[in-house]
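In order, the protein sequence lines correspond to chains Z and W.
Quick note on this note's numbering: the first sequence kicks off at 1 and runs consecutively.
Quick note on this note's numbering: the second sequence kicks off at 1001 and runs consecutively.
Ideal Cβ positions, reconstructed from N, Cα and C, are used throughout, including at glycine.
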Amino acid sequence: MVKRLVVLDVNKCVGCQLCMLACSRRFGVVGHSKSAIWVRSAGGFERGFTIVVCRACRDPPCARVCPVNALKARDGGGVILDISKCIGCGLCRESCDIGAVMWDYEVNKPVICTHCGFCTPFCPHNVLAVEEVV
Amino acid sequence: MDWFKSLSNVLYVDLARKSYWVEPREDLFSRWLGGIGVATQLYKEEVSSKVDPLSPENVIIFTVGPLTGIYPLASKTIAVFKSPLNNYFAESHAGGRSALAIRFAGYGAIVIRGASERPIYVVIDDSRVRFRDATALWDMRSTETVGRILREVTPGSGHRAIMRIGRAGERLVRYASVVTETYRHFGRLGLGAVFGSKKLKALVVVGRRGFNVPDVSTYREVYNEIYELAVKSPAMKKYHDLGTAANVLALNSIKALPTRNFSSGVFELAGEVSGEKLAETVLARRVACAGCPTACIHIAALREPYPEEPYFYKIKFISYDHEPLYALATNLGIGSREGFLRLLDVVEEEGLDAISTGVILAWATEAYLNGLITEKELLTKLNWGDYESYIKVVRNIVLQPNEFYSTMALGVEEAARKYGGLEYALAFNKVEPAGYHTGPLYFVSLMIGSRHSHLDAGAYSLDQELLASKKQLPKPQEAVELIIEEESWRQVLTSLAICLFARGIYKPDVVVKCFKPLKVEYGVEQLKKLGREIWIEKQLIKRAEGFSPLSLRIPERILKTPTPLGNIDPEYIKEALKYYDLLVSLASKMR
Ligand code: SF4
Ligand code: SF4
Ligand code: SF4
Ligand code: SF4
């Protein structure tokens, strides 16, 4: 079965950003530059956090706008990026209403969650999980 | 070592000329790791022993370490500067997002020189530094509002730290703090006043970069190991559950909870302001520094009605810890949670160090009750537990409407020297103490510790271990050795810039292992030796600045109030100071 990343309960998020660090660590990178998930405060730490990450749309707008077909709709929602085709135009980024297309400034290409689930065991407060798409 | 190359960019910022440049300082990082090790060396280069802490010649140094962002809980930034509170080399640590932001902006250290003519704030965004006018932010009553505005007008949400001062820093209160991410502080020793003297309202750092680790698969393995240790460790669970506030009842039960200006170790209302009670009644949220799974930051929600309008409330969020609970509740005889939170809120708004502020309020209460000062100076009555009056006094410490308050703004030592009551003016080398009345080792450590902080050596734990094991007090010389050994290892941890709450995880062999994926070889003994060297470096700097341990004042109050280990013998402390002095003299002669 295909899976997707879900946010179980944003209210339990403590803003540690270990998920962001885990996502970049997939590539052996320390930092946020390769992270497809973004945790920021909802207007000050006291108000809690906003977790921005791809929701795995069934008919992904980001793929629809890509002029060179670098983004292919993924089974179970979301997209797969073929970075060799991507020309870094940024249209996908504008098309995503929730801002889930991140940007890698070092190579000037988008970063989008692949729903691999690597980050979930590194969320210490059980905010993130992968679930089967039905 | 290649690894240190990636960390070694030092960003120099000149506030007078509004200029900046980067210097690669691999020499410093490969020799002194990072964090406090490197900051100490930068301080040596920048600040000569005669510099006035509030002059443009003082500098502000921020450093991170070789493990920053790489492993869980390597989440601290070290600030080094000359303290306007006691005129010596000073350091202060804080987390929030500051450490990761500095590291991911590509720097190992930031050195801020000079002073601006007008209020400014500085934005470091990757390789650019911008100097922005801060006139409109100056003199704002709340650091929270300043943070709110800067969040709106600066880039990098989620990837940035916003370090700012309040009016206390602007008005050079010698124990003003720097607040980062609203709930973390470079609290001690007056960094806020140094910011203020430079007309620097805030420093915003945005870090979005990443860097590669040489051995990726070992890196993931070691990371997983540390992560497991961190999330399973009982100590970390304790910090998450009740946080440091758990200390209130623990210390009270052994009669070591400073109460009413250290006149007792037991507070009859401790149960009202305990970590347990706060968690049950007002705890709203726990948050974490970036890169930390523990989330020890406890935020309370305080609902306050507006007196003039029915059913109209404001909700304030205030983070609490053991230290503010001691300083602004037990040590002032405040047993009202609401009163404590309201007082702490004002201290936070103004950007004051909670510990120093509480100790000064406690001295002022006694001095007033003893008739040394009157309503004429204080502009209010004052009594234990009277938080409404304490709030007025705090505002006046910042506004300084008369000579008395201008003196209060200099710290408790100066205030008591002028108005009397030195015997109950709690300060060690002019630094107001944290909240433990555990025994002689703690106070010896406050006097010989490089920054006179409870965190230098955590000696309140040594006292408590003695109590639990019912062992004899060690000889003063042995006590000094114990304290220095612990403080020296902490130099390694704070050079790596690891959160000291994780000291139980980052044992020497674990630290050695952490370096492996970075292709850096260290041995346990080598690290310990380095810790000792850094410790000596700091002692020698202070000595050159005129620090003389033998002439330190011992506040009589700590001798009169019994500790769990009995009454402290002043001779014990004096012997310890003599021995410490001897050790440092020997070290300086070896140079
Ligand atoms: S940035 Fe790349 S993936 Fe996105 S729309 Fe442009 S070409 Fe396609
Ligand atoms: S990037 Fe946005 S639009 Fe594209 S699949 Fe993800 S959520 Fe949908
Ligand atoms: S599921 Fe994978 S790609 Fe998506 S945020 Fe987590 S680690 Fe990154
Ligand atoms: S790891 Fe979990 S708790 Fe931490 S920021 Fe990510 S979602 Fe929030």
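| Asked | Found |
| --- | --- |
| Leaving out the 5 sequence neighbours to the left and right, which residues in its chain are closer than 6 Å to T1380(W) when beta-carbon positions are compared? | S1389, K1392 |
| In this structure, does DSSP put G1552(W) in helix, strand or coil? | Checking the sequence, you will find Leu at residue 1552(W) rather than Gly. Reduced to three states, the DSSP call for L1552(W) is coil. |
| Would a check of beta-carbon distances place K34(Z) closer than 8 Å to chain W? | yes |
| I'd like the list of long-range same chain contacts for L1249(W), defined as Cβ closer than 8 Å, with 5 residues on each side in sequence excluded. | A1270, G1271, S1274, G1275, E1276 |
| Taking 8 Å as the limit between beta carbons, can you name the residues of its chain near F45(Z), skipping five residues before and five after? | G15 |
| Quick one, which of G1566(W), A1416(W), C1499(W) has its alpha-carbon nearest K1470(W)'s? | G1566(W) |
| Residues in its own chain within less than 7 Å of P1072(W) by CB, not counting five upstream and five downstream? | I1226, Y1227, A1230, G1291, C1292, P1293 |
| Considering just the uninterrupted stretch of the alpha helix (DSSP H) at H1240(W), what are its terminal residues? | 1234-1241 |
| For E1304(W), which residues of its own chain have a beta-carbon under 7 Å away from its beta-carbon, when the five flanking residues on both sides are left out? | Y1313, K1314, K1316 |
| CB V1431(W) to CB L1191(W), shorter than 8 Å? | no |
| Taking Cβ-Cβ distances shorter than 7 Å, what residues in chain Z pair up with E1181(W)? | F45 |
| On the DSSP bridge assignment, give the partners of W1032(W) in chain order. | Answer is none; W1032(W) lacks a bridge partner. |
| So, E1350(W) versus V1412(W), is the Cβ gap smaller than 8 Å? | no |
| Regarding A1290(W) and ligand 1, is the C-beta to nearest heavy atom distance less than 7 Å? | no |
| Taking C-beta pairs closer than 8 Å, name the residues in chain W that A106(Z) reaches, listed in chain order. | The residue you asked about is not Ala; residue 106(Z) is Glu in the sequence shown. Those within 8 Å of E106(Z) in chain W are R1209, G1210. |
| Leaving out five residues before and five after C1594(W) in sequence, what residues of the same chain have Cβ atoms less than 6 Å from its Cβ? | Because residue 1594(W) is not part of the residues shown, which for chain W are 1001 to 1591, the question remains open. |
| Rounded to the nearest angstrom, what separates V1359(W) and T50(Z) at their Cα positions? | 39 Å |
| Where in the segment 1176-1248 of chain W do unbroken runs of the beta strand (DSSP E), each at least 3 residues long, occur, reported from the N-terminal end onward? | 1178-1180, 1184-1186, 1200-1206, 1210-1212 |
| Check whether chain W comes within 8 Å of P60(Z), counting only Cβ atoms and requiring the distance to be less than that. | no |
| Counting only Cβ pairs nearer than 7 Å, list the residues of chain W close to G31(Z). | G1069, F1104, R1209, G1210, F1211 |
| So, is K1005(W) buried or exposed, given that buried needs 16 or more other C-beta atoms within 10 angstroms? | exposed |
| Excluding the 5 residues flanking A1502(W) on each side, which residues of the same chain have their C-beta closer than 6 Å to its C-beta? | L1073 |
| Does any CB atom of chain W fall closer than 8 Å to the CB of G101(Z)? | As written in the sequence, residue 101(Z) is Val, which differs from the Gly given in the question. With 8 Å as the cut-off, V101(Z) does not count as an interface residue toward chain W. |
| In chain Z, which residues lie with their C-beta within 7 Å of the C-beta of V1059(W)? | Within 7 Å Cβ-Cβ: nothing; V1059(W) doesn't reach chain Z, min ~28 Å. |
| Give, in chain order, every unbroken run of the alpha helix (DSSP H) that is at least 4 residues long and sits entirely within the segment 1504-1582 of chain W. | 1508-1515, 1524-1544, 1556-1560 |
| Would the segment 106-121 of chain Z and the segment 1012-1026 of chain W be scored as touching if the rule is three or more Cβ pairs under 8 Å? | no |
| Classify F27(Z) as helix, strand or coil using the three-state DSSP reduction. | coil |
| Closer than 8 Å by beta-carbon distance: list the chain W residues that pair up with S24(Z), in chain order. | G1210 |
| Flag V130(Z) as yes when its Cβ comes closer than 7 Å to any non-hydrogen atom of ligand 4, and as no otherwise. | no |
| With 8 Å set as the bound, which would you pick, yes or no: does the beta-carbon of G90(Z) sit closer than that to a beta-carbon of chain W? | no |
| Where S1495(W) and E1525(W) are concerned, what is the direct C-alpha to C-alpha distance, given to the nearest angstrom? | 16 Å |
| Compare the C-beta of S1637(W) against all C-beta atoms of chain Z and say whether one is closer than 8 Å. | Residue 1637(W) lies beyond the stretch modelled for chain W, which goes from 1001 to 1591, so this question has no answer here. |
| So who's on the other strand from V135(Z), going by DSSP bridges? | Since the first and last residues shown for chain Z are 1 and 134, residue 135(Z) lies out of range. |
| Mark Q1491(W) as exposed unless 16 or more other C-beta atoms lie within 10 angstroms of its C-beta, in which case mark it buried. | buried |
| Within the continuous beta strand (DSSP E) that includes W103(Z), where are the two ends? | 102-104 |
| Confirm the yes/no value for this check: CB of P121(Z), any heavy atom of ligand 4, distance under 7 Å. | no |
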